[in-house]
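Here the protein sequences come in this chain order: A and B. Count along the first sequence from 1, add 844, and you get the number used in my numbering. Count along the second sequence from 1, add 844, and you get the number used in my numbering.
There are 2 protein chains.
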Amino acid sequence: MNKDPRSYAEAGVDIHKAESFVTRLKVSARRKGHERLWHASGGYASVYPVSENQGVAMTTDGVGTKLLLALEKNNFEGIGIDLVAMCANDLICVGAKPVAFLDYYATGALDDRVSDSLLSGIIKGCDLAGMLLVGGETAELPDLYDHGHFDLAGFAMGTVTRESLITGDGLAKGDILIGVASSGIHSNGLSLARKIIGADNPLRDDLLIPTHIYVAPVVRLFSEYPGTIKALAHITGGGWTNVTRPNDSLGYTIEDHLPVPPALAEIAGSVPAREMYRTFNMGMGLCLMAAPENVETILRVFDQSGFEARPVGEISSGKKAALTVKGAPGAEREFDL
Amino acid sequence: MNKDPRSYAEAGVDIHKAESFVTRLKVSARRKGHERLWHASGGYASVYPVSENQGVAMTTDGVGTKLLLALEKNNFEGIGIDLVAMCANDLICVGAKPVAFLDYYATGALDDRVSDSLLSGIIKGCDLAGMLLVGGETAELPDLYDHGHFDLAGFAMGTVTRESLITGDGLAKGDILIGVASSGIHSNGLSLARKIIGADNPLRDDLLIPTHIYVAPVVRLFSEYPGTIKALAHITGGGWTNVTRPNDSLGYTIEDHLPVPPALAEIAGSVPAREMYRTFNMGMGLCLMAAPENVETILRVFDQSGFEARPVGEISSGKKAALTVKGAPGAEREFDL
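Set out below in structure tokens:
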């Protein structure tokens, strides 16, 4: 492994292999029965219809190597929140209201202090996301995990009606992209970040800031102003490449920018701009898409929820399935993702 | 850790600690909103009502240290099936029809051969369980897992109507316990089994036999003969103590026995009988409970599905929340679990 990594691959994560396996998983799994699922935007969650008009959205995620940082800092509550956030923010991208969460917690040896702290974070996350913690599995696997190591996976379920399902089909040129501020690095790109922001760097603590959970304002918009949000992109693994997920027959442009969190700005000193935007959230944890006349309503609801949100770009006539990033801090020229 | 373990605790698994954490998790999590869930039998899955009459059952599980045996034998398809089985067999215990599955797969470094083989097993399992594989997360975590190591978690969703929900409330003295044969050790007790059945023991291969998936005959009974199955107990972690889960205000007696798989019979040579029945399935992977007049129908459906099933005991007037085991192979006298 490269000791001075400037990319995700050099940090030991083979995105190509991961995509290949995930792609094949999707292809194989789709062989049977997937025509029964509702088509939802961006693949953030699968939606299974339990009746003519009622769907159930499901997703699973982990917190990646943020775990190792939590172990290093002996601070676990935050990654409990992250675990819930990664799943809940995916569910809202298909129009679902998160309702139930389950966790899988596997460890070499149960440590009450660690597990209590994780659980406390998971419960806080569920409260923020409006979900019930309905179950979980605690596995003590003495020979699989090194002393003190553990892993976490989360599973979340949300409800969505056929008419509230977000498909991304209604997006059109001229629609506005609204960026919502991230809290920090969230839970992606930590393998690279941990190598660049070393143990002696005071910004290393910032890497543990819990991921924002965007459920409250989004669900309020779904219920009080249905139809105003045309699509959502949770900025997760792959950074801003997620922006094009809701509809890949359109071009996207971003030219305004939310503040880049200090830890990400520090990393940007060692990593090329395009790679930064392909890996990290760069200050935007969620991107909403809406017709121009609905932007004000959306901004007001986010403001009332205490989240910083602003128009950052639009759906343009640019290259299809690509996001053109203009005026990015630290970048000499515009680039496509 | 004890080199010659005769119990699960001596093999390094602290059931007491695990129960304490799980208990606290349940208590804390229940603080809010759990009155909204439907009350289902045995806690095998949580059931969330998405409408007046439609519920969604959810559960999560892993395959425990059976993973390490798969790594040792370089044989991964079977544990893909196990992963699905552990979840699907839980869903049917609340009366649900399994419909969707997601997997979480975390590894130090993606290995196409391993991941393809796991995926192939997961798809076979989903086919056997009548579930769609609707999603999953593949995480490459280079510093968390040792070379070649990985972990797996599964999440399953099933549908159940209010009237088909199994609560265990209808169970009564005189109801018959029907045992359905296991395929082998299934996915519980492997930490102990791996220590007793050593690398030079030919029975070590038997420990990798995939867990039976009991969905097909059970769902057929749900749909063609509704109401005939009063309750089900998936014999998972905790062995036959699971039999009392559907209703803890009753006493249970088992006096007939399915054949004990060879690997479990071998382990029984080193472990006291009561401990064996508190840890392993002892030949019975699923226990159904039914009124005497419905036993024949149930046995016929299992026989047609190729599963060995037979009446093994009954709900008795014995000690409440206890299972009395009579005539257990290798036990000198009856004992309570």
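Ideal Cβ placement from N, Cα and C applies to all residues, glycine included.
Linking residue 999/B to residue 892/A through their CA atoms gives a straight-line distance of about 14 angstroms. Measuring C-alpha to C-alpha distances from residue 882/B to each of 1007/B, 971/B, 908/B identifies 1007/B as the nearest. Out of 940/B, 905/B, 939/B, the CA that lies nearest to the CA of residue 925/B is found in 905/B. In the DSSP assignment, residue 920/A falls outside any beta strand (DSSP E) and carries neither an H nor an E. Taking residue 907/A as the centre and dropping the five residues before and after it, the same chain places the C-beta of 923, 926, 927, 930, 996, 1031 closer than 7 angstroms to its C-beta, in chain order. Non-local C-beta neighbours of residue 921/A in its own chain, meaning closer than 6 angstroms and more than five positions away in sequence, comprise 961, 964, 965, ordered along the chain. Chain-order list of chain B residues neighbouring residue 908/A: 983, 985, by C-beta distance under 7 angstroms. Comparing C-alpha distances from residue 1110/A to each of 1047/A, 1080/A, 1139/A, 1060/A shows the shortest one belongs to 1047/A. Counting C-beta pairs with one atom in each stretch, the segment 1119 to 1131 of chain A and the segment 1015 to 1029 of chain A have three or more that are closer than 8 angstroms, which means they touch. Interface criterion met: the Cβ of residue 999/B is under 8 angstroms from a Cβ in chain A. Residues of the segment 1024 to 1042 of chain B that bring their beta carbon within less than 7 angstroms of a beta carbon in chain A comprise 1035, in sequence order. Legend: CB atoms of the segment 969 to 980 of chain A lying less than 7 angstroms from CB atoms of chain B belong to residues 976, 977, 978, 979, 980. Within the same chain, 1056, 1102, 1103, 1127, 1128, 1129, 1151, 1152, 1153 come within 8 angstroms of residue 1025/B by CB-CB distance, once the 5 residues on both sides are set aside.
For the pair residue 1036/B and residue 936/B, the CB atoms are not nearer than the 8 angstroms cut-off. Annotation: residue 1038/A to residue 949/A spans about 23 angstroms, alpha carbon to alpha carbon.
Contact between the segment 1082 to 1091 of chain B and the segment 1060 to 1069 of chain B is absent: fewer than 3 CB-CB pairs across the two stretches fall below 8 angstroms. Contact between residue 914/B and residue 938/B fails: their C-beta atoms lie close to 29 angstroms from each other, not under 8 angstroms. Going by DSSP, residue 1137/B is part of no beta strand (DSSP E) at all; its letter is neither H nor E.
Checking the DSSP bridge columns, you'll see residue 941/B partnered with 1003/B.
Close partners of residue 957/B in chain A (Cβ separation under 9 angstroms) are lacking, with about 11 angstroms as the shortest Cβ gap.
Interface criterion met: the Cβ of residue 878/A is under 8 angstroms from a Cβ in chain B. For the 8 angstroms CB-CB criterion, residue 1041/B and residue 1051/B form a contact. By the rule that beta-carbons nearer than 8 angstroms mark a contact, residue 950/A touches chain B.
In this structure, the beta-carbon distance from residue 910/A to residue 1034/A falls below 8 angstroms. According to the DSSP assignment, residue 1041/A belongs to no alpha helix (DSSP H), since it is labelled neither H nor E. In the three-state DSSP reduction, residue 1146/A falls in the helix class (H, G or I).
The criterion of a C-beta distance shorter than 8 angstroms is not satisfied by residue 946/B and residue 974/B.
Of the candidates 993/A, 1144/A, 1147/A, the residue whose Cα lies closest to the Cα of residue 952/A is 993/A. For chain B, the residues of the segment 881 to 897 of chain A that bring a beta carbon within less than 9 angstroms of one of its beta carbons are 881, 887, 889, 890, 891, 892, 894, 895, in chain order. The criterion of a C-beta distance shorter than 8 angstroms is not satisfied by residue 1105/A and residue 1018/A. The alpha carbon of residue 1068/A has as its nearest neighbour, out of 1131/A, 1141/A, 1083/A, the alpha carbon of 1141/A. At least 8 angstroms separates the beta-carbon of residue 1147/B from that of residue 1166/B. Assignment of residue 894/B by DSSP, reduced to helix, strand and coil, places it in the coil class. In the assembly as shown, residue 1078/B is a buried residue. Its beta-carbon has 16 or more other beta-carbons within 10 Å.
The Cβ atoms of residue 894/B and residue 894/A lie closer than 8 angstroms to each other.
Residue-level contact by beta carbon fails for residue 932/A and chain B, as no gap is shorter than 8 angstroms.
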